[in-house]
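Peer 1: Those protein sequence lines, which keep their order, are chains W and Y.
Those letters in the first sequence? Residues 905 to 1139, by this note's numbering.
Those letters in the second sequence? Residues 905 to 1139, by this note's numbering.
Below is a structure I'd like to ask you about.
2 protein chains.
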Amino acid sequence: MKDIIIASTSTVHGQGSLEYLLDTLKIHFKNTDSILFIPYARPSGITHDQYTDKVSIPFTKINKTVIGIHEFDDPKQAIRDAKGIFVGGGNTFVLVNQLYKNDIILEITSAVNDGTPYLGTSAGSNICGLTMNTTNDMPIVYPPSFKTFGFVPFNINPHYLDPDPTSTHMGETRETRINEFHKFNSQPVVGIREGSWLNVKGKSITLKGELDARIFELSKPPYEVTSGTDLSDLK
Amino acid sequence: MKDIIIASTSTVHGQGSLEYLLDTLKIHFKNTDSILFIPYARPSGITHDQYTDKVSIPFTKINKTVIGIHEFDDPKQAIRDAKGIFVGGGNTFVLVNQLYKNDIILEITSAVNDGTPYLGTSAGSNICGLTMNTTNDMPIVYPPSFKTFGFVPFNINPHYLDPDPTSTHMGETRETRINEFHKFNSQPVVGIREGSWLNVKGKSITLKGELDARIFELSKPPYEVTSGTDLSDLK
């Protein structure tokens, strides 16, 4: 049974890394002391080692050890053996490129579909959708495909940001961008605000956290859903 | 001799479309009454016809007719015959995808290298750089490559935006993103603020408009250059 947390962000403004999620993660990863970390998204271009060290700190608070996938000789076996997987944020293009390069997309997909608990934040959440076409990141590398895990039958837009009515900047708002996405693609997009997450348990998908999410469906006006809403029928 | 305007934006806040540039464009396109428009970037997903109609309006003020490339049976011949080319803004991924699909990258490159005056705004400016890896746009379609015209030996970041010190949002700033780009790529990036543009005349590249630009070079702190600065040696 799928058991997935798809979080908008790792860090809520004014708090430590993962602080707002730690109680939830204690339960999510209750069956393991050790979490396999996938550091490929490399925020600010830091190395896999640096990123793994950084992520280990909040996890010590709930007595979990974090091991980077790059520390294993056989990453596929590491995924098959893992009892918990965390894919952290950074740049989605860099992340997806490395997942393809190391040929572990199918391994992760089947492990998670078979029940290995998964946590994604930001870029690690983006890839839980059907494609990475709704990432906010800069395309600093060219991945072989935009297709991602598809743990949910729609796309994710993490760090969802409402339009700023005071802005004089002529760049597009997030909502404009997602509406443009729908000129070329048909799947729904869930905009998750910072501090909220989706919880996937088998076939159920529930919005958690304090904030509403914004849903974009093809040819419909976007709408808000409150925390606790069941999104299992969205596709 | 190359004769190119690489503008950050078509529209400055509070003004009409292209208004701040019209006097410059009157001179830039002085040898032709008719401009070939490439509407492929489709802002907000509007059609090629809609976009061409929209762009025609400001050009009537300087007595120029705008014809969309989609109106020609043979787009390659249209480019060879053009005495002025304008590539408008919208989504860079959609634009680059369509340029490749219609196989006109080489035609435009050789026409512009041979002296056909070119105007780019936003996405149409992004593609004047070596690659589109520093676009701000959402990757709503997957183009066959990120390589672009390379009219200048660096990358462009249009709509360059300074960090907002009051923001509580955990997404990356533009500067952070461009620094990440430099973990994977070596060419400089020129961040052009709205209302400024680069003017390429043969081998000279000059910053024009009222605002400074921000230059990012590998392994150097970013720095500002003022209007009038010669950027011919940047590569």
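Beta carbons are placed, not taken as given, at the ideal position from N, Cα and C, and that holds for glycine.
Against chain W, which members of the stretch 1039-1050 of chain Y pass a CB distance test of less than 8 Å?
Peer 2: Under the 8 Å Cβ criterion, the stretch 1039-1050 of chain Y contributes Thr1039, Asn1040, Asp1041, Met1042, Pro1043, Ile1044, Val1045, Tyr1046, Ser1049, Phe1050.
Peer 1: Please list the partners that Phe1120 of chain Y has in chain W, where partner means a Cβ-to-Cβ separation under 7 Å.
Peer 2: Your numbering for residue 1120 of chain Y matches position 216 in the second sequence. The contacting residues do not exist; Phe1120 of chain Y stays about 12 Å from chain W at best.
Peer 1: When you check each C-beta in the stretch 1081-1106 of chain W against every C-beta of chain Y, which residues fall closer than 8 Å?
Peer 2: The residues in question are Arg1081, Ile1082, Asn1083, Glu1084, Phe1085, His1086, Lys1087, Phe1088, Asn1089, Glu1098.
Peer 1: Pull up the distance between the alpha-carbon of His1073 of chain W and that of Asn995 of chain Y, whole angstroms please.
Peer 2: Taking the first sequence and counting its residues from 1, one reaches residue 1073 of chain W at position 169. Taking the second sequence and counting its residues from 1, one reaches residue 995 of chain Y at position 91. So the two alpha carbons sit approximately 16 Å from each other.
Peer 1: Using DSSP bridges, identify the partner residues of Glu1128 of chain Y.
Peer 2: Position 224 of the second sequence, counted from the first residue, corresponds to residue 1128 of chain Y. Answer is Y:Arg1118, bridged to Glu1128 of chain Y.
Peer 1: Jot down the residue ranges of each uninterrupted alpha helix (DSSP H) in the stretch 1028-1115 of chain W, minimum 4 residues, whole runs only, in chain order.
Peer 2: The qualifying runs are 1078-1088.
Peer 1: Under the DSSP definition of a beta bridge, which residues are partnered with Phe933 of chain W?
Peer 2: Numbered from its first residue, the first sequence carries residue 933 of chain W at position 29. Answer by DSSP bridge pairing: none, since Phe933 of chain W is not bridged.
Peer 1: Give the residues from the stretch 959-989 of chain Y that approach chain W closer than 8 Å (Cβ to any Cβ), ordered along the chain.
Peer 2: Those would be none; no residue qualifies.
Peer 1: Can you give me the start and stop residues for the alpha helix (DSSP H) that Ser1014 of chain W sits inside?
Peer 2: Reading the first sequence from its first residue, position 110 is the one you call residue 1014 of chain W. Ser1014 of chain W -> alpha helix (DSSP H) spans 1009-1017.
Peer 1: Would Asn1037 of chain Y count as contacting chain W if we go by Cβ distances under 8 Å?
Peer 2: What you label residue 1037 of chain Y is simply residue 133 of the second sequence in a count that begins at 1. Asn1037 of chain Y counts as touching chain W.
Peer 1: What number of angstroms, rounded off, separates the C-alpha of Phe888 of chain Y from the C-alpha of Pro943 of chain Y?
Peer 2: In the structure as shown, chain Y begins at 905 and stops at 1139. Residue 888 of chain Y is therefore absent and cannot be evaluated.
Peer 1: For Glu923 of chain W and Pro962 of chain W, which I take to be in contact (beta-carbon distance under 8 Å), what is that distance rounded to the nearest angstrom?
Peer 2: For the purposes of this step, residue 923 of chain W is identified with residue 19 of the first sequence, where counting begins at 1. For the purposes of this step, residue 962 of chain W is identified with residue 58 of the first sequence, where counting begins at 1. The pair is a contact, with the Cβ atoms about 7 Å apart (cut-off 8 Å).
Peer 1: Quick one: is Gly949 of chain W near chain Y, going by C-beta distance under 8 Å?
Peer 2: By 1-based counting over the first sequence, the position of residue 949 of chain W is 45. By this cut-off, Gly949 of chain W is an interface position.
Peer 1: Can you name the start and end residues of the beta strand (DSSP E) that Thr1025 of chain W belongs to?
Peer 2: As a working note, residue 1025 of chain W is residue 121 in the first sequence. Unbroken beta strand (DSSP E) run through Thr1025 of chain W: 1022-1025.
Peer 1: Around the C-beta of Thr915 of chain W, are 16 or more other C-beta atoms found within 10 angstroms, so that it is buried, or is it exposed?
Peer 2: As a first step, residue 915 of chain W must be located in the first sequence, where it is residue number 11. Flag for Thr915 of chain W reads buried.
Peer 1: Which value, in whole angstroms, describes the spacing of the CA atoms of Arg1097 of chain Y and Glu1121 of chain Y?
Peer 2: Working through the second sequence from its first residue, we reach residue 1097 of chain Y at position 193. Working through the second sequence from its first residue, we reach residue 1121 of chain Y at position 217. Each residue's Cα considered, the two are about 17 Å apart.
Peer 1: Does any CB atom of chain W fall closer than 8 Å to the CB of Gly1054 of chain Y?
Peer 2: Stepping through the second sequence from its first residue, residue 1054 of chain Y is reached at position 150. No, Gly1054 of chain Y does not count as interfacial toward chain W.
Peer 1: Can you name the residues that DSSP bridges to Gly972 of chain W?
Peer 2: The residue given as residue 972 of chain W occupies position 68 in the first sequence. W:Phe941, per the DSSP bridge assignment.
Peer 1: Answer with buried or exposed for Glu1128 of chain W, where buried requires no fewer than 16 other C-beta atoms within 10 angstroms of its C-beta.
Peer 2: Numbered from 1 along the first sequence, position 224 holds the residue referred to as residue 1128 of chain W. So Glu1128 of chain W counts as exposed.
Peer 1: Quick one: what's got a C-beta closer than 7 Å to Gly1106 of chain W's C-beta in the same chain, skipping five residues either side?
Peer 2: Along the first sequence, read from residue 1 onward, the residue named residue 1106 of chain W stands at position 202. So the qualifying residues of the chain are Met905, Lys906.
Peer 1: Return the CA-CA distance between Ser1026 of chain Y and Arg946 of chain Y, expressed in angstroms with no decimal places.
Peer 2: On the second sequence, residue 1026 of chain Y is found 122 positions in, with the first residue counted as 1. On the second sequence, residue 946 of chain Y is found 42 positions in, with the first residue counted as 1. Cα to Cα, Ser1026 of chain Y sits roughly 12 Å from Arg946 of chain Y.
Peer 1: Closest to Asp953 of chain Y by CA distance: which of Y:Glu975, Y:Ser938, Y:Glu1084, Y:Ile966 is it?
Peer 2: Within the second sequence, numbered from 1, the residue matching residue 953 of chain Y stands at position 49. Taking only the C-alpha atoms, the option nearest Asp953 of chain Y is Y:Glu975.
Peer 1: Using 8 Å as the limit for Cβ to Cβ distance, is Gly1075 of chain W near chain Y?
Peer 2: Taking the first sequence and counting its residues from 1, the one referred to as residue 1075 of chain W is at position 171. Gly1075 of chain W counts as touching chain Y.
Peer 1: Is there at least one Cβ from chain Y nearer than 8 Å to Leu1065 of chain W's Cβ?
Peer 2: Indexing the first sequence from 1 puts residue 1065 of chain W at position 161. True, the Cβ-Cβ gap to chain Y drops below 8 Å.
Peer 1: Could you list which residues in chain W have their beta carbon closer than 7 Å to that of Asn1059 of chain Y, in chain order?
Peer 2: In the second sequence, residue 1059 of chain Y corresponds to position 155, counting from 1. Simply none; closest approach about 10 Å.
Peer 1: Are the beta-carbon atoms of Lys968 of chain Y and Asn935 of chain Y separated by less than 8 Å?
Peer 2: For the purposes of this step, residue 968 of chain Y is identified with residue 64 of the second sequence, where counting begins at 1. For the purposes of this step, residue 935 of chain Y is identified with residue 31 of the second sequence, where counting begins at 1. Result no, Cβ atoms of Lys968 of chain Y and Asn935 of chain Y do not sit closer than 8 Å.
Peer 1: At 3 residues or longer, what runs of the beta strand (DSSP E) sit wholly inside the stretch 970-1006 of chain W?
Peer 2: Listed in chain order, they are 989-991.
Peer 1: Please compile the residues from chain Y whose C-beta is within a distance smaller than 7 Å of the C-beta of Asn995 of chain W.
Peer 2: What you label residue 995 of chain W is simply residue 91 of the first sequence in a count that begins at 1. By Cβ distance, chain Y contributes Glu1084.
Peer 1: Tell me, please, whether the stretch 1062-1069 of chain Y touches the stretch 1078-1097 of chain Y by the rule of three or more beta-carbon pairs shorter than 8 Å.
Peer 2: Verdict: yes, contact present.
Peer 1: Is Ser1136 of chain W closer than 8 Å to Gly1109 of chain W when the C-beta atoms are compared?
Peer 2: Reading the first sequence from its first residue, position 205 is the one you call residue 1109 of chain W. Reading the first sequence from its first residue, position 232 is the one you call residue 1136 of chain W. Note on residue identity: the sequence assigns Ile, not Gly, to residue 1109 of chain W. In contact: Ile1109 of chain W and Ser1136 of chain W (Cβ atoms closer than 8 Å).
Peer 1: Within the continuous beta strand (DSSP E) that includes Asp907 of chain W, where are the two ends?
Peer 2: Here the question's residue 907 of chain W lines up with position 3 in the first sequence. 907-911 is the span of the beta strand (DSSP E), which, as asked, contains Asp907 of chain W.
Peer 1: Taking Ile961 of chain W as part of the alpha helix (DSSP H), name the residues at either end of that continuous run.
Peer 2: Within the first sequence, the letter at position 57 stands for residue 961 of chain W. Note, Ile961 of chain W: alpha helix (DSSP H), 952-964.
Peer 1: Short check: CB of Phe941 of chain W to CB of Pro1021 of chain W, under 8 Å?
Peer 2: Translated into the one-based positions of the first sequence, residue 941 of chain W becomes position 37. Translated into the one-based positions of the first sequence, residue 1021 of chain W becomes position 117. Taking 8 Å as the Cβ cut-off, Phe941 of chain W and Pro1021 of chain W do not qualify as a contacting pair.
Peer 1: Could you check how far apart the C-beta atoms of Asn1059 of chain W and Gly1028 of chain W are, in whole angstroms? I think they sit under 8 Å.
Peer 2: For this step, residue 1059 of chain W is matched to residue 155 along the first sequence. For this step, residue 1028 of chain W is matched to residue 124 along the first sequence. About 15 Å; that fails the 8 Å criterion.
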